[in-house]
Amino acid sequence: MDGCSLRPHQIKITTFNLFNYLAPPGAYYDFENIYSFAHWQDKQHWTLQQIEASDADVIGFQEIFSAVELEEQLASIGYPYFAVIDEPKVESDFIHSEPVVGIASRYPLLSVSAIESDPTASAELGFAFSRAPLHALIELPVIGKVDCVVVHFKSQRPKALSVENPGLKPIESWRSTMQRGLEARFIDAFFAQRKRSKGYPQVLMGDFNRDLSSAEFSCFHATRDDETTGLGDSKTVLAQEPPIQATHYYGAKGSVLDYIMLSEEFDRNSASCLFEVSHYQVSDSHLVNPIYAIDRMASDHGIVTITLTERD
Numbered sequence: 001m002d003g004c005s006l007r008p009h010q011i012k013i014t015t016f017n018l019f020n021y022l023a024p025p026g027a028y029y030d031f032e033n034i035y036s037f038a039h040w041q042d043k044q045h046w047t048l049q050q051i052e053a054s055d056a057d058v059i060g061f062q063e064i065f066s067a068v069e070l071e072e073q074l075a076s077i078g079y080p081y082f083a084v085i086d087e088p089k090v091e092s093d094f095i096h097s098e099p100v101v102g103i104a105s106r107y108p109l110l111s112v113s114a115i116e117s118d119p120t121a122s123a124e125l126g127f128a129f130s131r132a133p134l135h136a137l138i139e140l141p142v143i144g145k146v147d148c149v150v151v152h153f154k155s156q157r158p159k160a161l162s163v164e165n166p167g168l169k170p171i172e173s174w175r176s177t178m179q180r181g182l183e184a185r186f187i188d189a190f191f192a193q194r195k196r197s198k199g200y201p202q203v204l205m206g207d208f209n210r211d212l213s214s215a216e217f218s219c220f221h222a223t224r225d226d227e228t229t230g231l232g233d234s235k236t237v238l239a240q241e242p243p244i245q246a247t248h249y250y251g252a253k254g255s256v257l258d259y260i261m262l263s264e265e266f267d268r269n270s271a272s273c274l275f276e277v278s279h280y281q282v283s284d285s286h287l288v289n290p291i292y293a294i295d296r297m298a299s300d301h302g303i304v305t306i307t308l309t310e311r312d
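288 is the number that UniProt numbering gives to position 288 of the sequence shown; each next residue is one higher, with no gaps.
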């Protein structure tokens, strides 16, 4: 599988939550959570199969603990460019928490860095990203330079107060919502600044941990104060919008948590459109119809892939 496997006028992008990608003898979150060698082999094999099936040119990853092992896997199947910008937290030399995001590409990563929030605003708000967002400038065929950002927004788990008080649980839940909202707004501000200064097409992808219609993400579908346009959900700019397909399940309840969002250069309804979304897919058989022998080490998220096709 190489960069010539697609016609030159098509680009595929995937967002993929790996779900505790950690090589033994590391433990994720608790000392008992260590994959056996056989389980780790199954995890790597399943992950590799999903990446090959996506045939993506650019992949944004979440829940990376073992970046070196992932980079080696990716290099073996034609992804020479890979980066992370942070490291997970490690306690007692083997208990891992706070996994990081990463990006892989068949095409050059011209620069990679963590997105930092405005220091003055952050100090006044007492804000820090729950997971450092990754910004990569990628050189894609025909399109040229593209700003890509990979995120894993704060989970829905309540953000605990320093003193436990059952009566304040709703406040802790709202703190979690506020955290996601601030993360989204700092990301939106970053994109607006980049659009003003560089003007490159833009892609935002990752695990949002809530539906895009939630209040904390209102900035992504609001009109900006300046002349820059915001980002749109990739599946809504298809000629025919696909039916809603969950990317995560909590019991029997499905939710769309994983998104690829695009600037107007990928919106078929925009005069600025260079490439349009020609296909949107969620790989979810491991969620809705799992086969134990194949999917026992699968992700708990669906894998979202879009195809961008050059405009005639």
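We treat Cβ as the ideally placed atom computed from N, Cα and C, and that holds for glycine.
Item                                                                                                                                                                                 : Value
Using only alpha-carbon positions, find the residue among Lys89, Ala239, Glu264 and Tyr79 that is nearest to Ser66.                                                                  : Lys89
Identify the continuous alpha helix (DSSP H) that holds Asp42 and give its terminal residues.                                                                                        : Phe37 to Ser54
If we ignore side chains and look at the alpha-carbon of each, how far apart do Phe37 and Leu70 end up?                                                                              : 16 Å
Could you name the residues of the same chain whose beta carbon sits closer than 6 Å to that of Gln245, not counting the 5 residues immediately before and after it, in chain order? : Val282
Tell me which residues share the same chain as Leu110 and place their Cβ nearer than 6 Å to its Cβ, disregarding the 5 neighbours each side in the sequence.                         : Leu137 and Glu139
With 16 other CB atoms within 10 Å as the buried threshold, where does Leu161 fall?                                                                                                  : exposed
Report the residue ranges of all beta strand (DSSP E) runs contained in full by the stretch 114–165; include only those spanning at least 3 residues, in chain order.                : 134–140 and 144–152
Can you check whether the CB of Cys273 is closer than 7 Å to the CB of Val203?                                                                                                       : no
From Ile34 to Asp42, what distance separates their C-alpha atoms?                                                                                                                    : 14 Å
CB-CB under 7 Å to Pro25, same chain, minus the five flanking residues each way: which ones, in chain order?                                                                         : Ile34 and Phe94
Which residues in the same chain as residue 323 place their Cβ atom closer than 6 Å to its Cβ, once the five residues preceding and following it in sequence are excluded?           : This structure cannot speak to residue 323, because the chain is shown only from 1 to 312.
Indicate the three-state DSSP secondary structure (helix, strand or coil) for Val84 in the structure shown.                                                                          : strand
Taking its Cβ as the centre, do 16 or more other Cβ atoms sit within 10 Å of Ser5, making it buried, or is it exposed?                                                               : The pLDDT assigned to Ser5 is 49, lower than 50, so where the model puts this residue is not dependable; a value taken from the coordinates is nonetheless given after this. Classification for Ser5: exposed.
Buried or exposed: where does Thr120 fall if 16 or more other Cβ atoms within 10 Å of its Cβ makes it buried?                                                                        : exposed
Taking the alpha-carbon positions, what's the Gln156 to Ala114 distance?                                                                                                             : 23 Å
Could you tell me the distance, in whole angstroms, from the CA atom of Ser197 to the CA atom of Phe31?                                                                              : 47 Å
Can you have a look at Met1 and say buried or exposed, based on whether 16 or more other CB atoms are within 10 angstroms of its CB?                                                 : Note that Met1 has pLDDT 46, beneath the 50 cutoff, so the model's placement of it is unreliable and the number below is only indicative. Met1 is exposed by the Cβ-count criterion.
Whose C-beta lies closer than 6 Å to the C-beta of Phe82 among residues of the same chain, with five residues either side of it excluded?                                            : Glu71, Leu74 and Ala104
If you run the structure through DSSP and keep just helix, strand and coil, what is Gln240?                                                                                          : coil
Assign Tyr250 to one of three DSSP states: helix, strand, or coil.                                                                                                                   : strand
Would you mind sorting Val84 into buried or exposed? The rule is 16 or more other CB atoms within 10 Å of its CB.                                                                    : buried
DSSP three-state label for Lys198, please.                                                                                                                                           : coil
For Ile291, which three-state DSSP category applies?                                                                                                                                 : coil
In three-state DSSP terms, what is His9?                                                                                                                                             : coil
Closer than 6 Å by C-beta to Ile291: which residues in its own chain qualify, once you throw out the five before and the five after it? Chain order, please.                         : none
State the Cα-Cα distance for the pair Phe190 and His221, rounded to the nearest angstrom.                                                                                            : 16 Å
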